[in-house]
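Residue numbers (this note's numbering), protein chains in the order written: chain A, 1 to 274; chain B, 1 to 81.
Even for Gly, the Cβ is constructed at its ideal location relative to N, Cα and C.
Keep in mind the model is a prediction, meaning the values are calculated, not measured.
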């Protein structure tokens, strides 16, 4: 069976390699992909949307529907992971507490769980002492990563970047906090409820901007009509519309990344992670 | 496009791809997959698709590696059922 599989893989591989000979050369101006709409976008994107980065203009304006459903796919992925992994009914479980002054660890068997106090801190079952260097470096680094993520979202008009990349970096900063400290530290900052709400709010912002365009008397996601609300001309209205949409994408992607990590690393219990 | 750089990266991509599916250790597989994503990111950057390269670097090499490691961390050496 294994030899049959290898033969099939090699046959399919040679066939694909043979087919690549019919491809147009890399970057050819007369290839089918760059003869129909690409020249128009490249020539007129700047004067129509005032966005120098054509990729952003195509992604969020000319092909706004695509990006909307792409965001919805990410939202559905987050919801799917939540439904598959999250454990709701829990038995009273064992917990570990550490007395900060004497460094004695207590093992509390289910049932009576002590309240939060300044003398004891809750620790993971597989706890190793915190590394001062890792903890400090990550704590200093997280705000800068978040600032960079906001820059990537806001500067997507002029440089590579945008909602997806910025959202992922924003989510990664919270994941870094969860890895370097522990998961409860990250969940204290951004609770599960707020995170799941943000997932939906991002998609809502995107579709909401589209719906506002309908209410103002134009097609769905036709940002030109936003000029009546934003008090700018049509071209700048398209630019600002793209920016609003990117913010929605960023919020959804960030919340989904954090939610998937929390559910995956804690096996759905959302208390102890990596 | 510098063809020597292109050839080196394409060779490394094939090496990491074959290593990722043939290695026995799951954690090693996750890390090799991250390396594969990073090399793909370099290839996108060489082909002047900077937006795609950025996405590949942040999603492929960054967050998905963390997801794989988190999933591997929850597996055990032997099955429990």
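Proximity of residue i and residue j at Cβ, strictly below 8 Å
{"i": "residue 72(B)", "j": "residue 175(A)", "result": "no"}
{"i": "residue 18(B)", "j": "residue 39(B)", "result": "no"}
{"i": "residue 177(A)", "j": "residue 142(A)", "result": "yes"}
{"i": "residue 59(A)", "j": "residue 162(A)", "result": "yes"}
{"i": "residue 243(A)", "j": "residue 157(A)", "result": "yes"}
{"i": "residue 89(A)", "j": "residue 110(A)", "result": "no"}
{"i": "residue 71(A)", "j": "residue 249(A)", "result": "yes"}
{"i": "residue 191(A)", "j": "residue 78(A)", "result": "no"}
{"i": "residue 206(A)", "j": "residue 213(A)", "result": "no"}
{"i": "residue 131(A)", "j": "residue 108(A)", "result": "no"}
{"i": "residue 169(A)", "j": "residue 154(A)", "result": "no"}
{"i": "residue 187(A)", "j": "residue 262(A)", "result": "yes"}
CA-to-CA distance, residue j to residue i, given in whole angstroms
{"i": "residue 235(A)", "j": "residue 61(A)", "result": "12 Å"}
{"i": "residue 34(B)", "j": "residue 60(B)", "result": "7 Å"}
{"i": "residue 210(A)", "j": "residue 52(B)", "result": "26 Å"}
{"i": "residue 172(A)", "j": "residue 62(B)", "result": "8 Å"}
{"i": "residue 43(A)", "j": "residue 147(A)", "result": "33 Å"}
{"i": "residue 105(A)", "j": "residue 48(B)", "result": "55 Å"}
{"i": "residue 5(B)", "j": "residue 11(A)", "result": "29 Å"}
{"i": "residue 29(A)", "j": "residue 252(A)", "result": "37 Å"}
{"i": "residue 241(A)", "j": "residue 32(B)", "result": "40 Å"}
{"i": "residue 44(B)", "j": "residue 65(A)", "result": "25 Å"}
{"i": "residue 3(A)", "j": "residue 203(A)", "result": "48 Å"}
{"i": "residue 41(A)", "j": "residue 69(A)", "result": "22 Å"}
{"i": "residue 55(B)", "j": "residue 47(A)", "result": "27 Å"}
{"i": "residue 14(A)", "j": "residue 160(A)", "result": "36 Å"}
{"i": "residue 167(A)", "j": "residue 73(A)", "result": "15 Å"}
{"i": "residue 271(A)", "j": "residue 97(A)", "result": "14 Å"}
{"i": "residue 26(B)", "j": "residue 16(B)", "result": "14 Å"}
{"i": "residue 2(B)", "j": "residue 57(B)", "result": "21 Å"}
{"i": "residue 14(B)", "j": "residue 33(A)", "result": "27 Å"}
Any chain B beta carbon closer than 8 Å to residue i
{"i": "residue 29(A)", "result": "no"}
{"i": "residue 7(A)", "result": "no"}
{"i": "residue 261(A)", "result": "yes"}
{"i": "residue 169(A)", "result": "yes"}
{"i": "residue 267(A)", "result": "yes"}
{"i": "residue 177(A)", "result": "no"}
{"i": "residue 326(A)", "result": "Since the first residue of chain A shown is 1 and the last is 274, residue 326(A) is not available in this structure."}
{"i": "residue 165(A)", "result": "yes"}
{"i": "residue 264(A)", "result": "yes"}
{"i": "residue 219(A)", "result": "no"}
{"i": "residue 160(A)", "result": "yes"}
{"i": "residue 45(A)", "result": "no"}
Beta-carbon proximity list for residue i, same chain, < 6 Å, skipping 5 on both sides
{"i": "residue 247(A)", "result": "none"}
{"i": "residue 45(A)", "result": "54 and 57"}
{"i": "residue 255(A)", "result": "195, 198 and 199"}
{"i": "residue 31(A)", "result": "24"}
{"i": "residue 269(A)", "result": "87"}
Residue i at chain A interface by Cβ criterion, 8 Å
{"i": "residue 66(B)", "result": "yes"}
{"i": "residue 74(B)", "result": "yes"}
{"i": "residue 33(B)", "result": "no"}
{"i": "residue 82(B)", "result": "Residue 82(B) lies beyond the range of chain B shown here (1 to 81); nothing can be said about it."}
{"i": "residue 16(B)", "result": "no"}
{"i": "residue 71(B)", "result": "yes"}
{"i": "residue 51(B)", "result": "yes"}
{"i": "residue 58(B)", "result": "yes"}
8 Å Cβ cutoff, residue i in contact with chain D
{"i": "residue 255(A)", "result": "In the structure shown, chain D does not exist; the protein chains are A and B."}
Own chain residues within Cβ distance below 7 Å of residue i, not counting five before or after
{"i": "residue 30(B)", "result": "65, 68, 69 and 72"}
{"i": "residue 239(A)", "result": "49, 50, 51 and 157"}
8 Å Cβ shell around residue i - same chain, five flanking residues per side excluded
{"i": "residue 264(A)", "result": "81 and 85"}
Heavy atom of the ligand SAH within 7 Å of residue i beta-carbon
{"i": "residue 245(A)", "result": "The ligand SAH is absent from the structure shown, which contains no ligand whatsoever."}
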